[in-house]
Amino acid sequence: MQTPAQVELHWECTASLFYPCYTVDTFVVGKSNQFAHAASLAVAESPGTTGFNPLLIYAGVGLGKTHILQAIAQYCLSRGKAKKVNYVSSEKFTNDFISSIQNNNTVEFNRVYRSSDVLLVDDVHFFIGKESTQEAFFHTFNTLHQNGKQIVLTSDRPPRELKGLEERLISRFQWGLVTDIQPPDYETRVAILRKKAEIEDIQLPDEVIFFIAKNITSNIRELEGALIRLLAYSSITGDDISLDLTSKVLKDIIKSSSKNINIESIQSEVSNFYNIPIDLIIGKTRRKEVVTARQVAMYLAKILTNSSLKTIGLHFGGRDHSTVIHSYQLVEQRKKTDKQFNHQINNIISKIKGL
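Written out as structure tokens, the structure reads:
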């Protein structure tokens with residue numbers, strides 16, 4: 000696995016750590032991400048001059064948010080599209096802000112961030128519950144936007160679902176373009192594996208690529224992780240990469256896709272996602288947002304575990320099997336007509352499988 004390379008830019012780039020492989024050229028485009036890719040390329044080519052300001056890309060774990068964000072940054076720098084490109088995680092922004100307060104140096108903090116030509120912030124959901132940091136970012140956002148500077152953000156959910164974030168920030172996040180990245184389909188997974196093999200200068204039999212793409216479906220991070228494990232094993236043992244070897248080396252990873260997923264872990268993840276306590280989810284409350292979370296949790300329990308309908312119902316306050324079936328049907332129907340809701344479900348599933 001490659002180690003991040005330190006890129007010497009301006010001091011203004013407070014977190015100038017880029018993975019060399021996270022470029023526009025190595026980003027594999029498929030149906031699940033083609034719009035996000037096109038929008039990213041547009042802002043990288045003409046930062047601050049498109050209608051995509053800010054550009055906010057939301058996606059589940061391991062679907063390429065950081066890759067595309069760093070690709071924009073490296074494109075702007077390598078093509079001379081902007082002089083001061085500042086790429087940071089939300090955690091880094093928060094820590095810099097706290098440090099500036101502790102050292103009585105907020106003026107310098109403001110200078111660093113508000114002089115950016117392009118500001119890219121990864122995982123803005125990290126700002127939830129951090130009121131002072133939100134205040135600092137609000138003013139930074141305003142300054143940059145008013146000066147026509149480009150802002151690009153990523154999140155694990157759409158702005159409206161960022162409960163605990165100030166309404167004025169949520170509103171600003173939606174000023175430009177909000178788009179998503181979905182889990183890659185089979186064809187895209189095959190293309191990703193081929194691109195990774197090309198980068199590593201490794202010849203992989205098609206049957207091996209197809210096997211991995213078929214069995215590792217959750218996200219790109221796990222897909223590439225499986226390939227890295229296979230390549231490492233082959234390199235150490237000297238064994239040629241074959242379908243039999245692949246099946247042997249990856250058997251634990253493939254099994255883990257359903258391993259340790261139980262009703263309790265599903266309830267916990269749904270509770271975290273919707274910011275609703277588990278006792279309300281399994282209780283009798285009929286508030287709309289609680290009912291939705293409860294139905295989603297029962298739906299996921301049905302599709303992700305081998306538990307019987309009766310067992311699932313017992314985990315949700317002793318409800319009967321017909322309630323579980325009804326919840327499953329409602330969620331399944333809504334997924335077909337509500338793209339944002341469907342993304343929520345995929346996002347939660349990704350988080351559950353990453354536990």
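Numbered per numbering that gives the first Met the number 0, the sequence shown spans residues 0 to 354. Idealized CB from N, CA, C, for every residue including glycine. Only a predicted model underlies this, so the values are computations on that prediction, with no experimental measurement involved.
Strand pairing of residue i, partner residues [DSSP]
{"i": "Thr178", "result": "Ile56"}
{"i": "Leu226", "result": "Paired residues: none, contrary to the question."}
{"i": "Leu279", "result": "DSSP output for Leu279 lists no bridge partner at all."}
{"i": "Asn85", "result": "Leu118"}
{"i": "Gln149", "result": "Val117"}
{"i": "Ser154", "result": "Tyr57"}
Same chain, Cβ closer than 7 Å to residue i, five either side skipped, listed in chain order
{"i": "Glu199", "result": "Leu230"}
{"i": "His124", "result": "Ser154, Asp155, Arg156, Leu161"}
{"i": "Gln294", "result": "Ser326, Leu329, Val330"}
{"i": "Ala38", "result": "Phe51, Leu54, Leu176, Thr178"}
{"i": "Asn341", "result": "Lys334"}
{"i": "Ser257", "result": "Confidence is the limiting factor: at Ser257 the pLDDT is only 48, short of 50, which leaves the residue's position unreliable and the question unanswerable from this model."}
{"i": "Ala190", "result": "Val27, Gly29"}
{"i": "Val248", "result": "Arg228, Leu229, Tyr232"}
{"i": "Ile219", "result": "Gly61, Leu62, Gly63, Pro183, Ile191"}
{"i": "Ile201", "result": "Leu230"}
{"i": "Cys75", "result": "Ala43, Pro46, Ala81, Val84, Val117"}
{"i": "Ile221", "result": "It should be noted that the sequence gives Glu, not Ile, for residue 221. Counting only Cβ-Cβ distances below 7 Å, and skipping sequence neighbours, we find Gly61, Ile215."}
{"i": "His320", "result": "Leu308, Lys309, Gly312"}
Residue i CB to nearest heavy atom of the ligand SAH below 7 Å
{"i": "Pro157", "result": "The model on display carries no ligand, and the ligand SAH is accordingly not part of it."}
Environment of residue i [buried if 16+ CB atoms lie within 10 Å]
{"i": "Glu197", "result": "exposed"}
{"i": "Glu206", "result": "exposed"}
{"i": "Glu130", "result": "exposed"}
{"i": "Gln149", "result": "buried"}
{"i": "Asn32", "result": "buried"}
{"i": "Ile351", "result": "buried"}
{"i": "Gln181", "result": "buried"}
{"i": "Gln266", "result": "buried"}
{"i": "Pro204", "result": "exposed"}
{"i": "Pro183", "result": "buried"}
{"i": "Asp383", "result": "Because the chain here runs from 0 to 354, residue 383 falls outside it and cannot be looked at."}
{"i": "Val106", "result": "exposed"}
{"i": "His36", "result": "buried"}
{"i": "Gln1", "result": "Residue confidence is low: Gln1 scores 37 on pLDDT, short of 50, so the model does not pin down where it sits. Its coordinate-derived value is still stated next. Exposed, by the Cβ-count rule."}
{"i": "Asn271", "result": "exposed"}
{"i": "Asn346", "result": "buried"}
{"i": "Tyr185", "result": "exposed"}
{"i": "Ile275", "result": "buried"}
{"i": "Gly312", "result": "buried"}
{"i": "Thr187", "result": "buried"}
{"i": "Ser89", "result": "buried"}
Sequence-distant residues of its chain with Cβ nearer than 6 Å to residue i (five each side left out)
{"i": "Lys194", "result": "Val27"}
{"i": "Lys338", "result": "none"}
{"i": "Ile281", "result": "Phe315, Gly316"}
{"i": "Leu244", "result": "Asp238"}
{"i": "Leu279", "result": "Val289"}
{"i": "Gly128", "result": "Gly163"}
{"i": "Ile252", "result": "Ala225"}
{"i": "Tyr57", "result": "Ser154, Arg156, Pro157, Asp179"}
{"i": "Lys301", "result": "Tyr327"}
Contact belief for residue i with residue j at Cβ below 8 Å, rounded distance in angstroms
{"i": "Thr65", "j": "Asp121", "result": "6 Å"}
{"i": "Asn85", "j": "Leu118", "result": "5 Å"}
{"i": "Lys83", "j": "Ser45", "result": "Wrong, their Cβ atoms sit about 16 Å apart, outside the cutoff."}
{"i": "Arg167", "j": "Phe137", "result": "6 Å"}
{"i": "Leu299", "j": "Val269", "result": "7 Å"}
{"i": "Thr291", "j": "Asn261", "result": "That pair is no contact at about 22 Å."}
{"i": "Ser349", "j": "Gly59", "result": "4 Å"}
{"i": "Ser210", "j": "Arg171", "result": "In the sequence as presented, Ser is not what sits at residue 210; that position holds Phe. Phe210 to Arg171, Cβ: 45 Å. No contact."}
Cβ neighbours of residue i in the same chain (closer than 8 Å, five flanking residues each side left out)
{"i": "Glu263", "result": "His314"}
{"i": "Ile277", "result": "Gln266, Ser267, Ser270"}
{"i": "Thr93", "result": "Phe125, Phe126, Lys129, Thr132"}
{"i": "Ile208", "result": "Val189, Leu192, Arg193, Ala196"}
{"i": "Lys283", "result": "Gly316"}
Minimum Cβ-Cβ distance from residue i to chain C less than 8 Å
{"i": "Thr291", "result": "Of the protein chains in this structure there is only one, and it is not chain C."}
Query raised in the report: Going along the chain, which unbroken runs of the beta strand (DSSP E) with 3 or more residues stay wholly within the stretch 160 to 211?
Result: Entirely contained in the stretch 160 to 211, the beta strand (DSSP E) runs reaching 3 residues are, in chain order, 176 to 180.
**Report entry** Those runs of the alpha helix (DSSP H) which lie wholly inside the stretch 268 to 353 and span at least 4 residues
**Finding:** Listed in chain order, they are 277 to 280, 287 to 303, 308 to 314, 320 to 336, 338 to 352.
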